[in-house]
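Asks:
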Amino acid sequence: MSADALASGGPVSTTGRDRRRVRKSPVKQLLGLAGIIGFLGTWELIPRLGIINERFLPPASEVIAALVRDFGLTAFWISVGETMTAWFLGLVIAVVLAVLLGFIIGSSDFLRKATNSTVEFLRPIPSVALIPLAVLLFGIKIESSLMLITYAAFWQVLIQVLYGVADIDMVANNTARTYGLGRMARIRYVVFPTALPYLMTGVRLAATVALVLAITAELVIGSPGLGHEIALAQSGGAISGMYALVLATGLIGVLINSLMRLIEKKTLSWHSSVRSEVIV
Amino acid sequence: MKILKTLGFVLALPVLLVLLWWASTLGAVNFFVPTPAALFAKFGEVWFGPRFVTDVLPSLGRLLVGVVAAIIIGVVGGVLIGSVKWLRALLEPTLEFFRAIPPPVLVPVLILLMGITDSMKVAVIISGCVWPVLLNTIEGVRAVDGVLSDSAHTYGINGWARVRYLVLPSASPQIMAGVRQSLSLGLILMVISEMFASSSGLGFTIVQFQRSFAIPEMWSGIVVLGLLGVAMSFIFQWAERNILRWYHGQKEVENAA
Amino acid sequence: GSGSPSSPGGAASSGGAAGGTDLTKVSVGVIPIVDCAPIYLGDKQGFFKDEGLQLDIQQATGGAAIVPGVVSGSFDFAFSNLISVMVAKDKGLDLKFVANGASTTGETGKDVGGVVVPAGSSIKSAKDLAGKTVSVNNLSNIGDTTIKSAVEKDGGDPASVKFVEVAFPDAPAALANKQVDAAWILEPFMSKAVADGGTVVSWNFVEMSPKLDIAGYFTKSDTVKSKPELTQKFTRAMNKSLEYAQAHPQEVRDIVGTYTKIDEASRSKMTLTHWTVNFDKDAFKTLGDAAAKYGTLSKAPNAGDLLP
Amino acid sequence: MQPDPTTAMLSVRGLKKVYQTDGGDIEAVRNLTFDLRAGELACLVGPSGSGKTTLLKCISGLMAPTAGEVLLDGKRVSGPPKKMAVVFQEYGRSLFPWMRVRENVELPLKNQGVPKGERDKLVDEALEAVGLAHVPRSYPWQLSGGMQQRVAIARAIAYQPEVLLMDEPFAAVDAQTRADLEDLIRTVWKKLGITVLFVTHDIDESVYLGERVIILSSSPTVVQEDIVIDLPVERDQLETRSLPRFTELRHHVYEQIQLAKKGHRPAAAGTGPETLTRS
Amino acid sequence: MQPDPTTAMLSVRGLKKVYQTDGGDIEAVRNLTFDLRAGELACLVGPSGSGKTTLLKCISGLMAPTAGEVLLDGKRVSGPPKKMAVVFQEYGRSLFPWMRVRENVELPLKNQGVPKGERDKLVDEALEAVGLAHVPRSYPWQLSGGMQQRVAIARAIAYQPEVLLMDEPFAAVDAQTRADLEDLIRTVWKKLGITVLFVTHDIDESVYLGERVIILSSSPTVVQEDIVIDLPVERDQLETRSLPRFTELRHHVYEQIQLAKKGHRPAAAGTGPETLTRS
Ligand SMILES: Nc1ncnc2c1ncn2[C@@H]1O[C@H](COP(=O)(O)OP(=O)(O)OP(=O)(O)O)[C@@H](O)[C@H]1O
Ligand SMILES: Nc1ncnc2c1ncn2[C@@H]1O[C@H](COP(=O)(O)OP(=O)(O)OP(=O)(O)O)[C@@H](O)[C@H]1O
Ligand SMILES: [Mg+2]
Ligand SMILES: [Mg+2]
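Which chain is which? The protein sequence lines are A, B, C, D and E, in order. Every letter in the first sequence is one number past the one before it in the numbering used here, and letter 219, counting from 1, is 857. Every letter in the second sequence is one number past the one before it in the numbering used here, and letter 81, counting from 1, is 153. Every letter in the third sequence is one number past the one before it in the numbering used here, and letter 291, counting from 1, is 916. Every letter in the fourth sequence is one number past the one before it in the numbering used here, and letter 127, counting from 1, is 128. Every letter in the fifth sequence is one number past the one before it in the numbering used here, and letter 41, counting from 1, is 42.
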């Protein structure tokens with residue numbers, strides 16, 4: 639009778655599960671696509687139904703057409719390249735600084751307390767308020783953007799790292815201590831992996847903040863890049879062109895996020911947030 | 073004694089930095105970097121007057137509404153998105169899309185949709201503050217301990233009870249990390265929201281000072297922002313201590329000695 | 626440091642040489658708007674090379690970066706509207722104009738900017754703006770100063786006008802959606818707003834003075850003193866460019882297409898800025914007095930200090 | 002004896018579970034088939050890593066089996082069933098660290114809408130029974146390992162389930178407390194007439210506690226043997242354990258586990274409990 | 002017999018530990034004094050919540066005692082000492098989830114700068130000894146409870162400590178594996194001549210394993226009794242356990258624990274191990 643159950647129920651359900659497993663990730667991407675299409679559809683309808691005048695908010699299709707046109711222009715890709723360079727450099731500087739400082743401050747109660755008020759004071763200072771200073775120091779070159787990007791992204795990562803460092807499991811940490819792991823070794827083998835999920839969220843937040851700031855800096859200061867192009871389009875009254883560039887910005891954001899997710903999957907496969915996706 | 077010690081921790085580094093700043097402005101005079109004295113002189117003059125009522129308070133009101141709304145949206149959305157896998161798959165790319173759009177570009181669209189109103193400014197604040205809370209909540213919800221989650225399941229703790237008793241508390245350390253990020257982002261966005269289509273407000277005033285080269289005044293505004301940040305953060309840390317008492321207790325078990 | 630390392634003397638003598646090796650590099654901060662067309666045209670025509678200058682035109686997107694850019698030496702010269710420079714001077718930055726930049730056409734009904742109201746508005750003339758919400762691109766600047774003066778001249782109460790900041794590109798939408806009662810708009814957006822059915826109720830520049838200069842090229846007073854030759858060369862080339870631009874409107878409409886994204890149709894329809902070499906001192910004084918009167922400046926500026 | 006699904010409270014039929022990992026598939030459970038009648042108290046023993054926890058997770062509907070099925074009261078289990086309580090092996094992680102001991106025990110009842118008065122009574126009784134009446138306001142992480150485990154047990158008992166699954170619930174408590182808890186489980190079982198499946202590594206315990214002992218083979222797992230424990234229903238720590246029959250059964254189970262560890266597997270998968278002939 | 006600090010490897014003197022909590026102070030350990038000579042293997046038994054884990058944490062320098070002190074090799078312990086390995090009761094949380102089994106075992110050695118070749122040998126041997134040679138590339142959370150616990154044990158053994166503290170290390174493994182691990186600990190102890198303090202709830206185990214059994218009273222804790230186990234050094238699971246002396250000792254320990262549970266406390270705090278007179 640048990641053999642019966644195996645013969646009838648077993649293989650069928652096994653293959654059923656297998657098929658689901660194989661199709662899992664394309665389904666996920668399709669769903670994501672559906673979400674985007676839903677959003678674009680809504681956008682298309684708002685001006686088409688006259689909720690907002692088409693001249694002020696062109697329908698999605700028109701903007702996408704403009705974007706496709708942009709794709710054919712080298713100038714567009716140069717701008718993208720400039721923005722991405724500023725983004726990448728700014729992000730890397732911010733992450734490196736924040737991780738270093740975060741681990742140093744986070745692993746000492748004294749430093750944590752002593753820096754708290756200063757950190758909280760500096761954090762809410764808007765990058766835009768630093769524009770005169772940035773221009774004064776660096777002119778309207780990429781360094782100005784870098785300074786603003788780094789400043790904004792730095793805090794995102796720092797705070798996440800501080801929280802992550804505070805989250806270590808005492809049993810794990812004690813184990814490491816009794817096995818004679820010194821401060822540096824514990825940071826490397828215990829604190830860092832514990833803080834990693836927090837850090838990844840921080841980097842993900844910072845990656846977008848850096849992008850936003852890269853664009854904003856170009857927009858307000860005028861250093862070359864997509865933001866500058868947006869400003870040009872805006873001041874030239876090229877509404878569809880402007881939204882096409884905004885769309886491009888958003889797409890870069892989506893791209894960056896997928897990249898981050900990929901890195902996260904590789905580095906955090908042991909973590910229960912990622913684990914729960916893989917198993918069962 | 074304990075209060076003195078806390079005060080020492082709060083003030084030591086800032087005092088040190090101000091001294092450093094003072095020392096560095098002794099020799100060279102830079103138009104864009106005022107001396108501490110000039111700044112403090114302007115500080116009282118600029119902010120302790122009618123401006124406090126006409127500019128600072130309304131801005132703070134919008135900030136508060138924006139941040140609270142962002143937290144609510146972030147937590148509710150995060151719990152939903154974090155626990156429903158297909159929803160996450162459906163929405164993630166779109167959310168990432170919106171996240172990448174700089175608020176200054178978003179403002180004109182929001183003006184179109186909502187007009188030049190306070191709610192538009194609140195919307196700008198929400199549009200930026202919601203992300204840290206949302207992302208952290210999603211991550212926190214995804215990271216609920218497997219054994220704990222199983223326990224809840226077997227005791228029939230599902231739906232709302234599960235959220236209330238398992239998911240929210242378990243994700244709360246991470247949610248708090250997000251909220252803390254949001255608070256300072258909120259201040260930044262408050263300034264950004266007042267950079268456009270505005271005629272009053274704390275952020276507007278600072279930008280106005282900047283444009284009219286009233287440099288010490290501008291820096292004094294930045295100091296106001298910083299102080300607000302510190303105040304908000306201290307209130308927040310106090311609240312967090314209470315909400316996460318179990319968590320800190322657990323973490324500090326060994327410090328109890 | 627300043628951006629001109631090579632000797633200015635050598636450059637002066639080599640006049641029209643096209644070699645370019647011994648040209649003095651000059652960086653100029655501009656804003657990508659129609660008003661800046663002359664410098665692009667002049668560069669293209671070689672007026673600057675003729676003076677031994679190698680132009681490096683840098684686009685700052687808004688005014689925010691211009692003055693700090695000049696102060697820090699990133700720009701040798703830069704373009705800005707008069708009030709911004711007056712304000713900076715008022716606050717203690719020692720700046721000086723070296724060339725005119727843009728002026729009003731002086732013709733009511735055909736200027737580069739004005740206050741537009743939507744079709745069917747109860748606002749008929751400047752004095753009706755009292756108590757209404759009017760958008761300008763920047764507060765405490767040339768827009769609200771000239772509008773207040775226009776309202777006052779027309780018999781209204783300038784203090785009761787409520788100004789809000791809306792960027793020029795967004796102003797037509799704000800106007801159409803009734804988010805403001807009136808909008809101060811410049812070309813090319815003004816033509817669009819008028820085409821939408823808007824009416825211009827005040828030509829604020831002309832109403833202040835038909836000879837009003839709006840913007841100019843400036844630098845640090847230091848530069849004027851320490852590098853007089855460089856300044857003179859720039860001024861000469863710039864003046865030539867202004868005259869050329871004024872004389873060749875079609876070339877202006879064309880070159881605007883290279884550094885802005887204003888489309889062909891708008892470019893051909895828009896009213897062009899008026900360019901002239903000399904600053905009108907009287908108009909300058911009127912503007913400065915008005916700015917002081919409405920609180921934008923602490924005191925009326927001295928034209929002699931600021932103008933070349 | 003053929004298992005009869007109609008009278009069985011819990012039926013495990015042809016259960017198979019394969020874990021998929023990066024390093025290839027791990028067949029934790031190959032083919033398990035057995036039944037528990039309503040009101041039966043069975044102990045489950047087997048080598049470490051033989052899939053006992055896996056089995057319990059499948060029974061409680063927390064994990065879908067790769068093949069086969071679990072029937073509870075004739076209905077296929079697809080999610081956690083009502084009125085089933087599970088005490089997990091990782092007791093430390095199964096308590097809510099943000100709730101005090103009392104709240105932890107109370108939560109499932111509160112969630113069920115049990116009125117306050119009755120709830121308080123149940124919680125107090127359960128805490129009393131596991132010897133923790135004095136720490137209701139402590140947080141779990143302020144307790145010793147054994148105390149945490151007892152909180153988890155108290156929570157399960159207070160819940161008054163119809164089916165109780167326990168995964169090595171007494172691993173962290175001392176011998177004396179363990180004996181008390183063993184008696185507690187038997188008392189609760191008799192009083193409420195519930196069905197209990199109890200995983201243990203202690204052979205003495207399995208014989209003392211169970212009405213039946215199911216022995217699993219080592220992984221990949223099948224039922225090695227299924228023995229009825231024909232000891233009197235009223236058991237006493239000293240008396241029962243000194244019965245010759247107890248020693249006999251104990252010995253038998255021990256030998257079977259030895260066999261299981263050595264990799265011996267039964268000719269046919271066990272289909273029902275067999276009574277060990279008295280020697 | 003007076004304890005002699007000069008020959009003692011580990012001295013616990015007047016140890017007191019009070020936990021401060023919101024709900025008031027909890028006196029976990031009142032006054033503990035005992036010595037372990039170098040190379041001694043002592044078992045520590047006591048009721049659940051009597052402060053065994055607390056004591057181990059104080060000895061390993063993870064927690065500062067409220068009063069009293071711990072001396073290791075004559076030096077006062079203020080932080081985790083070198084060459085001491087601890088197996089924690091919460092084995093599940095003491096393994097690093099981001100490392101594979103092998104890496105978990107290897108980490109302390111790597112950190113000590115043990116060269117690769119030797120490290121590999123030690124790790125392989127340790128995994129082999131606990132019966133986990135087949136899963137080096139699994140993550141801890143892919144293992145059963147008992148397997149996780151064995152990884153923690155393997156890590157401690159591979160580390161080759163001079164002092165080994167173990168907190169109920171065999172709680173989650175089956176009887177057979179447990180017997181094997183008991184023998185493993187004795188083998189390692191004899192081979193390396195290390196000092197071992199072993200917390201267990203299993204009375205049989207404490208007598209079988211130890212050269213000495215220290216019995217704690219219930220909380221607030223003092224030493225209830227300290228017995229020398231005068232069984233032959235070579236022990237065998239079947240033979241030793243069937244010795245009459247084994248039963249005698251076992252009985253004695255059992256009775257003492259019963260007393261401890263009932264709240265009985267010794268007249269004076271124990272000062273050294275006493276040899277139980279043969280009856
Ligand atoms: N999440 C998982 N991923 C991969 N393999 C797993 C997982 N969980 C368990 N296993 C494997 O399944 C087998 C059975 O595990 P299980 O936890 O059910 O054993 P157990 O009988 O409860 O053992 P113990 O008595 O030691 O707790 C083991 O070989 C284990 O390595
Ligand atoms: N962090 C803490 N805060 C407050 N009280 C604590 C804390 N840790 C332990 N205790 C208390 O100290 C006492 C002794 O705990 P300990 O963990 O040392 O016991 P144990 O002997 O290891 O028990 P078990 O055998 O159950 O593991 C218990 O009453 C416990 O409640
Ligand atoms: Mg198990
Ligand atoms: Mg313990």
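We treat Cβ as the ideally placed atom computed from N, Cα and C, and that holds for glycine. Please read all numbers here as calculations on a predicted model, not as lab measurements.
#1: Answer yes or no: the CB of glutamine 798 of chain A versus the heavy atoms of ligand 3, is any distance below 7 Å?
#2: Could you say if the region 653–665 of chain C and the region 827–841 of chain A meet the contact criterion of at least three C-beta pairs nearer than 8 Å?
#3: Against chain B, which members of the region 753–764 of chain A pass a CB distance test of less than 9 Å?
#4: Name the residue from A:Ser896, A:Leu786 and A:Leu771 whose alpha carbon lies nearest to the alpha carbon of tryptophan 291 of chain B.
#5: Unbroken alpha helix (DSSP H) runs of length 4 or more, entirely within the region 694–781 of chain A: which are they?
#6: Would you say the beta carbon of methionine 148 of chain D is closer than 7 Å to some non-hydrogen atom of ligand 6?
#7: By Cβ distance, which residues of its chain are closer than 6 Å to valine 102 of chain D, with the 5 residues on each side in sequence left out?
#8: Less than 8 Å between CB atoms is the rule here; does leucine 768 of chain A satisfy it with respect to chain C?
#9: Could you spell out the range, first to last residue, of the beta strand (DSSP E) harbouring alanine 876 of chain A?
#10: May I ask you to report which of helix, strand or coil DSSP gives leucine 811 of chain C?
#11: Going straight from the alpha carbon of lysine 662 of chain A to that of threonine 67 of chain D, what length do you get?
#12: When you compare the CB positions of glutamine 90 of chain D and threonine 54 of chain D, do they come within less than 8 Å of one another, or not?
#13: With a threshold of 16 other CB atoms inside 10 Å of the CB of threonine 166 of chain B, please say whether the residue is buried or exposed.
#14: Does DSSP put threonine 8 of chain D in a helix, a strand or coil?
#15: Since proline 241 of chain B meets chain D, which of its residues come closer than 9 Å, beta carbon to beta carbon?
#16: Could one say the Cβ of valine 858 of chain A lies closer than 8 Å to chain C's Cβ atoms, at least one of them?
#17: When you check each C-beta in the region 196–214 of chain D against every C-beta of chain E, which residues fall closer than 8 Å?
#18: Taking the straight line between their C-alpha atoms, what separation do you get for threonine 652 of chain A and aspartate 26 of chain D?
#19: If you compare alpha carbons, which of B:Asn314, B:Trp203 and B:Ser271 is closest to valine 786 of chain C?
#20: Starting from glycine 728 of chain A, find everything on chain C with Cβ-Cβ shorter than 9 Å and list it in chain order.
#21: Just checking: is the beta-carbon of aspartate 624 of chain C within a distance shorter than 8 Å of some beta-carbon in chain A?
#22: Among C:Phe673, C:Lys669 and C:Tyr665, which residue has its Cα nearest to the Cα of glutamine 857 of chain C?
#23: Under the criterion of a Cβ to heavy atom distance below 7 Å, does lysine 53 of chain E qualify as lining ligand 2?
#24: Using a cut-off of 8 Å between C-beta atoms, extract the partners of glutamine 177 of chain D located in chain E.
#25: State the start and end residues of the unbroken beta strand (DSSP E) segment that holds tyrosine 842 of chain C.
#26: Could you tell me whether the region 76–92 of chain D touches the region 148–165 of chain D, where touching means 3 or more Cβ pairs closer than 8 Å?
#27: Compare the C-alpha of alanine 848 of chain A against each of A:Leu768, A:Ala732, A:Ser873 and A:Gly818 and name the closest.
#28: Chain C beta carbons: is any one of them nearer than 8 Å to that of glycine 874 of chain A?
#29: For the region 887–899 of chain C and the region 719–735 of chain C, state whether three or more C-beta atom pairs, one from each stretch, are separated by less than 8 Å.
#30: Quick one, which of D:Leu260, D:Gly24, D:Leu37 and D:Tyr209 has its alpha-carbon nearest arginine 246 of chain D's?
#31: Identify which residue in A:Gly719, A:Gly820, A:Leu668 and A:Ser699 has its Cα closest to the Cα of threonine 887 of chain A.
#32: Express the C-alpha separation of lysine 76 of chain E and phenylalanine 35 of chain D in angstroms, rounding to a whole number.
#33: Output the boundary residues of the beta strand (DSSP E) element that contains valine 46 of chain E.
#34: Look at valine 30 of chain E and proline 221 of chain E and say whether their C-beta atoms are less than 8 Å apart.
Replies: With the given structure in hand:
#1: It does not: the Cβ of glutamine 798 of chain A is nowhere closer than 7 Å to a heavy atom of ligand 3.
#2: No contact exists between the region 653–665 of chain C and the region 827–841 of chain A.
#3: Result list: Thr753, Asn754, Ser755, Thr756, Val757, Glu758, Phe759, Leu760, Arg761, Pro762, Ile763 and Pro764.
#4: Ranked by Cα distance from tryptophan 291 of chain B, the first of A:Ser896, A:Leu786 and A:Leu771 is A:Leu771.
#5: Within the region 694–781 of chain A, the complete alpha helix (DSSP H) runs of at least 4 residues are 698–709, 712–744, 747–760 and 769–776.
#6: With respect to small molecules bound, the structure shown includes ligand 1, ligand 2, ligand 3 and ligand 4 and not ligand 6.
#7: If we look at valine 102 of chain D and ignore the five residues flanking it on each side, its Cβ neighbours are Val136, Pro137, Ser139 and Val152.
#8: Not an interface residue.
#9: Looking at the DSSP string, alanine 876 of chain A is not in any beta strand (DSSP E), and its letter there is neither H nor E.
#10: Here leucine 811 of chain C sits in strand by DSSP.
#11: Note that lysine 662 of chain A scores a pLDDT of 45, beneath 50, so its modelled location is shaky; the value from the coordinates is reported in the next line. Each residue's alpha carbon lies about 17 Å from the other.
#12: Contact: yes.
#13: That one is buried.
#14: Looking at threonine 8 of chain D - three-state DSSP - the assignment turns out to be coil, as it is neither helix nor strand.
#15: Per Cβ cutoff of 9 Å: Phe97, Pro98, Trp99 and Met100.
#16: Yes, because at least one Cβ of chain C sits closer than 8 Å to the Cβ of valine 858 of chain A.
#17: Under the 8 Å Cβ criterion, the region 196–214 of chain D contributes His202, Asp203 and Ile204.
#18: At threonine 652 of chain A, the pLDDT of 29 sits below 50, so the modelled position is not reliable and the matter cannot be decided from this model.
#19: If we check each option's Cα against that of valine 786 of chain C, B:Ser271 comes out closest.
#20: Contact of glycine 728 of chain A with chain C by beta-carbon distance below 9 Å is absent, the smallest such distance being about 18 Å.
#21: No statement about residue 624 of chain C is possible, as the shown extent of chain C runs from 626 to 933 and does not include it.
#22: With distances taken between Cα atoms, glutamine 857 of chain C lies closest to C:Phe673.
#23: Checking every heavy atom of ligand 2 against the Cβ of lysine 53 of chain E, one is found closer than 7 Å.
#24: Within 8 Å Cβ-Cβ: Pro48, Ile258, Gln259 and Lys262.
#25: Tyrosine 842 of chain C -> beta strand (DSSP E) spans 838–845.
#26: Taking a contact to require three or more Cβ pairs closer than 8 Å, the region 76–92 of chain D and the region 148–165 of chain D qualify as touching.
#27: Ranking the options by Cα distance to alanine 848 of chain A, first place goes to A:Ala732.
#28: For glycine 874 of chain A, a Cβ of chain C is located within less than 8 Å of the residue's own Cβ.
#29: These segments touch.
#30: Nearest option by C-alpha distance: D:Tyr209.
#31: For threonine 887 of chain A, the closest alpha carbon among the candidates A:Gly719, A:Gly820, A:Leu668 and A:Ser699 is that of A:Gly719.
#32: About 59 Å.
#33: Taken as a continuous stretch (DSSP letters only), the beta strand (DSSP E) holding valine 46 of chain E covers 42–46.
#34: Yes, Cβ-Cβ distance for valine 30 of chain E and proline 221 of chain E is below 8 Å.
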